[in-house]
Amino acid sequence: MIMHAGEILRRRGLLSDEQLRQSMSDDSGGVIQSAVNLGYVDEVAALQALAEEAGLEYVDLREFDVDLSALVGFPQKLIYRHSLFPIARREGSIVVATADPLDLYPLDEASAATGRHLIPVVAERGEIARLVKRHLGVGSETVEGLVAAAADEDDGLELLDAIESDGSELSEMAQEASVVRLVNEILLEAIESRASDIHVESQSDGLVIRYRIDGILHPQPVPPEINRFQAAIISRLKIMARLNIAEKRLPQDGRIKLRVHSREVDIRVSVIPMIHGEGLVMRILDKGSMVFELRGLGMADDVYNTFHDLIRMPHGIILVTGPTGSGKTTTLYSSLLEIRGPDNKIITTEDPVEYQLDGINQIQVHPKIGLTFAASLRAILRHDPDVVLVGEIRDFETAENAIQASLTGHLVFSTLHTNDAAGAYTRMIDMGVEPFLVASTVEAVMAQRLIRRLCPSCKETYQPKQTDLPTDFPWDRLAGKPLYRPVGCRACRGVGYAGRFGIYELLVTTESIRQMAHDRVSSWEIRRTALAEGMKPLRMDAWEKTILGNTSVEEVARLTKGDRV
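Letter by letter, the sequence shown follows residues 2 to 566 of my numbering.
Below you can see the structure in the form of structure tokens.
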């Protein structure tokens, strides 16, 4: 097992339990950097301890004579991104100074890029930064220096829409080759890292870039001088999304269409003005990596079998609920593809159309010109559909039209933002829909979340004590079997998790549930009745998958709430 850096320092007596806790809760950097900033440990002593633990040599770069020939062919982007610096050649290998000896992924990446064996040594981060400035020059930290090593290479990214320039100074700066290549690198790295979102944030101390991978935000190191090009980078992204670069006071939304290594990628861009400059969030829709298969989403057999029958009903409403990013669209698309055939007509109305599906008619809503969910749904019913998907029920008008579509013999799929399945009934009633209409049309509600999957390459078994587990953990089902916990390896970049799968709570509208919805009973009473009738709650589904070794106890506790009913 790879031990956490903070645990190594605690075990060696350099940090107390309380100091380790404080260092882990501080957000100024990694555990070591936080402990140093808080004055708990000397950086040299900490690095020497880590070097000894990893079986590496500690080097004082102030006394070391750097061999500049080692820089030849070494990727500059890795020097800035991971605080690496090649300092010598030794018998055909390259000696590389690093401030993080427990993170082997950058070293593997550098070894692959150079084709050489690397010998890591440990050095202070500040001394590595000093070497960068001293031997590469101050100008090397600009965007030009960052991309110079790959200036003549094809980065594999192609913009599918033509770029329009207004001829302004900012527009021209955003079109410079260095800025273009840096923005491409940001996008490529996010796509290759399986990120779902890219956050580009303007803070008081400069530009911050974070990737959301498997639902968790990960800060990305950037060279300090990148801040000089902040305006150009943001303008470049706005130009790619066909937005107005002169408008910096109002929010804007756009879309970038790319081809990355022969596969198409759509990026939804949202720009919002902040106090320190504009902030961008980009949602990545990687069409080439998506597989819409209902059986492969992670549903337990009993849930899948019931849902498989529900989506083949002749009429009614089936709702999928959950927060943003919980996989609702994937579930709905997979359901539509499961029932798609030449004998039925499926029409969807979405905002936006995230993925284009063969054999399914999809409508992109445009609220600015009056093509709302409600308006498009009224038009859809004149096209003789069998199945209708409404991207989201947001208001009374959309809910009313979905109800009418169901009453006139159509099967309607849609989504709602509620925390659990039972809340969908009261949510629609709160919108103004008559309770008897909700009771008679809603056939089932599926609540779901996406939970991280343990990395199969490094997860390890352990034998828990009952006192170490949450009180609602089904200890009797464990039956002496071990559980699994994350470790961290090169395959998962030290996180311990790789990918996500769904956990589900399926509430079928029985006669008793219909009566309760008709009588405006509260959502917690509906939930209590559903549980009594055999509904498996979201958290129990997660616990069962924990026992199977798919995820960890900590991940379930982070993502779900225990039942108190």
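Even for Gly, the Cβ is constructed at its ideal location relative to N, Cα and C.
Remember, it's a predicted structure, so these values are computed and weren't measured experimentally.
Where S203 is concerned, the enclosing beta strand (DSSP E) starts and stops at A196 to Q204. The Cβ-Cβ distance between L259 and E159 falls below 8 Å. Note that the region 511-521 does not touch the region 446-464; fewer than 3 beta-carbon pairs, one per stretch, sit closer than 8 Å. The residues R91, S94, I95, V96 and V97, in chain order, have a CB closer than 8 Å to that of I120 in the same chain once the five nearest residues on each side in sequence are set aside. Contact fails between the region 174-183 and the region 256-276, because fewer than three Cβ pairs, one in each stretch, are under 8 Å apart. Considering only Q449, R559 and T547, the residue with the shortest C-alpha distance to R486 is T547. DSSP places V321 in the uninterrupted beta strand (DSSP E) bounded by G317 to T322. The residue among Q467, Y498, R494 and E401 with its C-alpha nearest the C-alpha of L105 is R494. The beta-carbon separation of P107 and H83, rounded to 4 Å, stays under the 8 Å limit for a contact.
The straight-line gap separating the alpha-carbon atoms of E294 and G342 is approximately 15 Å.
I217 and R195 have their C-alpha atoms roughly 12 Å apart. One Cα belongs to T325, the other to H418, and the distance between them is close to 8 Å.
The criterion of a C-beta distance shorter than 8 Å is not satisfied by I227 and Y212. Taking A130 as the centre and dropping the five residues before and after it, the same chain places the C-beta of S84 closer than 8 Å to its C-beta, in chain order. For T349, the three-state secondary structure derived from DSSP is strand. Boundaries for S441: no beta strand (DSSP E) harbours it, while the alpha helix (DSSP H) harbouring it runs P436 to T442, taken from the DSSP string. In the DSSP assignment, V209 forms a beta bridge with E202. Counting only the Cα atoms, I88 lies some 5 Å from V67.
Boundaries of the alpha helix (DSSP H) harbouring L378: F374 to I381, taken from the DSSP string.
Cα atoms of G31 and N306: separation of roughly 46 Å, rounded to the nearest angstrom.
Within the region 424-497, complete beta strand (DSSP E) segments of at least 3 residues are found at 443-455, 461-463 and 484-486, given in chain order. If the five residues before and after A422 are omitted, its C-beta is found closer than 6 Å to the C-beta atoms of V446, A448, E506 and L508, all from its own chain and listed in chain order. Distance between L451 and R296, taken at the CA atoms: about 15 Å.
Counting every other CB atom within 10 Å of its CB across the protein chains shown gives A499 a total of 16 or more, marking it as buried. Between the alpha carbons of V73 and V133 lies a gap of roughly 14 Å. Contact between A71 and V123 fails: their C-beta atoms lie close to 17 Å from each other, not under 8 Å.
Here T416 is buried. Its C-beta has 16 or more other C-beta atoms within 10 Å. Assignment of A400 by DSSP, reduced to helix, strand and coil, places it in the helix class. Sequence-distant Cβ neighbours of P220 in its own chain, meaning closer than 6 Å and more than five residues away, are R211.
In this structure, L208 and V223 form a Cβ contact; the two beta carbons are roughly 7 Å apart against a cut-off of 8 Å. By the Cβ-count criterion, R478 is exposed, with fewer than 16 other Cβ atoms from all chains shown falling within 10 Å of its own Cβ.
Nearest to N38 by alpha-carbon distance, out of S112, G127 and M283, is G127. The alpha carbon of F230 has as its nearest neighbour, out of L333, A531, V292 and V201, the alpha carbon of V201. The Cβ-Cβ distance between Y334 and L358 falls below 8 Å.
Only exposed fits E461, as fewer than 16 other CB atoms lie within 10 angstroms of its CB. Looking from the CA of R237, the closest CA among L62, M275, D267 and R182 belongs to R182.
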